[in-house]
Amino acid sequence: MIKKTIPIFVILIIFLFIAFQQTAQADSDTTIKVALYFGENTKSYYTLESKIGFYVLNKNGKILTEILSDKIEISTADVSEINSVEIRGDLQISDPIVLPVSKENPIYFTPIEEDLIILDSSKYRGKILVLPSGGKISIINELNLEEYLYGVMPMEMPPSWPMEALKAQAVAARTYAVNNLSKWETYGFDLKADTSDQLYKGYNVEDERTNYAVDQTRGLIATYDGNPILAMYHSDSGGVTESSENVYETDIPYLQSVKELYDVNSPHSNWQVKLSSDKINEVFKGIKGSIGHINDISILERNSSGRVGKVLLSGTSGEKIISGEELRKIFGLKSTLFDIVGNKTSLDLDISILTGNGSTHNVSNLKGIQVFSQGQNRSIKGGGINILGYSKQRTIDDFVKTSPDSYVVEGRGWGHGIGMNQWGAKAMAEQGHDYINILQHYYKNIEINQYNNK
């Protein structure tokens, strides 16, 4: 029996070792192309630095030239061939090297020795890829997926936060990247380095704790029905996350509205913005249609999470309905979980209303309040209402702080509200939840699996 058991045990160990090696190889082979300079921020001139110099490669890895210069300059070439780059160095190159470049045939720069590349004073792992962009140059950083996450994590979550929250963020960020590989393939890269995807700043921002969170969850992603999920996340939900159908008009089963388990006490839990009437009309000029001067903004509809779905703009010559998300983007509001509480109806005194069931209701502003007068409900406009006090009767106008030229917007939370709430993840980690609990709270019915890019 012993002679038979030992070989089987040894074979099992060997099998597990091989399986582990294959899994590790699969996720370490995953590369990602991140646009550092693309679109409006492209330039015609960049500097690259490394310890010894650079290999210039084509897309197949063939060395086109070797530059023994620790600093080189890349610029658009002043030749008839518009899609060309000019390379100058301060040691070896007496005359500039001019190479053709296109999306189909990009140029790669990699250090001669394994090292970081310094691009305009910022350090990056991996390779630098050069693409033409309307007479200028787009710069792409191609690197390992896990190393990409090193440069994302400190920008998306503070390294000082609890480790389980950082691990949850690492899995969410990795899943987002995997789900969106080839998102911008038409332009020659996968993801942007700004907030339109995930904020990425390369080696300069790397931190020991966030790198550890990436390493401890290496290759792990969130899946639904075996596929990587769209791992959306945001800063603060304001108490309840948003359902996908309220934003994308598509019911994604794992992106459902959930209530927070704990108070997050974030800097964004409550916020206030004052919007002047002049600013509102200036911003909407040209996009509001023919409704004239806007004299009122009111909330028409809220969705199931309490966020503003539709907003009514009332003008001197008509009305227009826009979405709450449009209003958020136009005025830079932190979220769509807000109320419009201002506009010439704020009170400078404490008022309580005695309701029909004998209870009292404190009122801080009169907007939307109605009174029963002369046999019908009447909206309060701020005048013509008297208050009987201890000593005498006074008009409500004595207490109304008139502000006819502004609106006050009060809200909660920060971001679109879909998926994982980062401040909520912090609160859950502080209460003892591990990263899997955190992820499964915000993404319903998901599994955590090893990503295999084969």
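The sequence shown begins at 1395 in the numbering used here and counts up one residue at a time.
Just so you know, even glycine gets a beta-carbon here, dropped at the ideal spot from N, CA and C.
- The stretch 1660-1743 contains, as complete alpha helix (DSSP H) runs of 4+ residues, the segments 1671-1678 and 1718-1725 (chain order).
- By the 16-neighbour rule on beta-carbons within 10 angstroms, Val-1492 is exposed.
- Beta-bridge pairing by DSSP links Phe-1503 to Val-1450 and Ile-1522.
- Annotation for Ile-1468: the continuous beta strand (DSSP E) segment containing it runs 1465-1470.
- Per the coordinates, the alpha-carbon of Ile-1832 lies some 6 Å from the alpha-carbon of Ala-1819.
- For Ala-1616, the uninterrupted beta strand (DSSP E) run begins and ends at 1614-1618, by DSSP.
- Taking the C-beta atoms as reference points, Asp-1601 is found nearer than 7 Å to Pro-1548.
- Inter-residue distance for Ile-1511 and Gly-1805 is about 43 Å (C-alpha atoms, whole angstroms).
- Annotation: Lys-1427 is outside any alpha helix (DSSP H); the continuous beta strand (DSSP E) that includes it extends over 1425-1431.
- Buried is the label assigned to Gln-1650, since at least 16 other Cβ atoms lie within 10 Å of its Cβ.
- Here the alpha carbons of Ser-1576 and Ala-1607 stand approximately 25 Å from one another.
- Here the stretch 1513-1520 does not lie against the stretch 1587-1594, with fewer than 3 beta-carbon pairs under 8 Å apart.
- In the three-state reduction of the DSSP assignment, Lys-1561 falls in the helix class, which pools H, G and I.
- Excluding sequence positions up to five before and after Ile-1812, its CB lies within less than 7 Å of the CB of Met-1626, His-1628, Thr-1635, Glu-1636, Ser-1638, Val-1641 and Leu-1649, all in the same chain and listed in chain order.
- In this structure Leu-1537 is not in contact with Thr-1436, their Cβ atoms being roughly 20 Å apart against a cut-off of 8 Å.
- By the neighbour-count criterion, in which 16 or more other beta carbons inside 10 Å mark a residue as buried, Gln-1563 falls on the buried side.
- Annotation for Gly-1826: no beta strand (DSSP E) segment contains it, and DSSP assigns it neither H nor E.
- Under the 10 Å beta carbon count, Ile-1457 is surrounded by fewer than 16 other beta carbons and is classified as exposed.
- Relative to the Cα of Glu-1507, the nearest Cα in the group Ser-1463, Met-1822 and Asp-1609 belongs to Ser-1463.
- Under the three-state reduction of DSSP, Val-1492 is assigned to strand.
- Beta-bridge annotation (DSSP): Gln-1610 is not paired with any residue.
- Collapsing the DSSP output to three states places Gln-1816 in a helix.
- Cβ contact annotation for Pro-1622 (same chain, cutoff 6 Å, sequence separation greater than five): Thr-1569, Val-1572, Asn-1573 and Ile-1615, in chain order.
- Approximately 5 Å separates the beta-carbon atoms of Asn-1843 and Thr-1617; this is inside 8 Å, confirming the contact.
- Exposure of Ser-1496 is indicated by the presence of fewer than 16 other C-beta atoms within 10 angstroms of its C-beta.
- Per DSSP, the beta bridge partners of Trp-1808 are Asp-1630.
- Taking a C-beta distance under 7 Å as the contact criterion, Ile-1466 and Gly-1455 do not qualify as a contact pair.
- At the C-beta level, Leu-1731 and Arg-1701 come within 7 Å of one another.
- Looking only at Pro-1556, Pro-1505, Val-1658 and Gly-1596, the smallest Cα-Cα distance to Val-1546 is reached by Gly-1596.
- Ranking Ala-1559, Leu-1539 and Tyr-1594 by CA distance to the CA of Arg-1612 puts Leu-1539 first.
- Residue environment for Ile-1522: buried (at least 16 other C-beta atoms within 10 angstroms of its C-beta).
- DSSP places Glu-1536 inside the beta strand (DSSP E), whose first and last residues are 1530-1538.
- A direct Cα-to-Cα measurement between His-1810 and Gly-1718 gives close to 11 Å.
- For the set Ser-1478, Gly-1433 and Lys-1445, the Cα lying nearest the Cα of Ile-1534 is the one of Gly-1433.
- Cα atoms of His-1827 and His-1835: separation of roughly 10 Å, rounded to the nearest angstrom.
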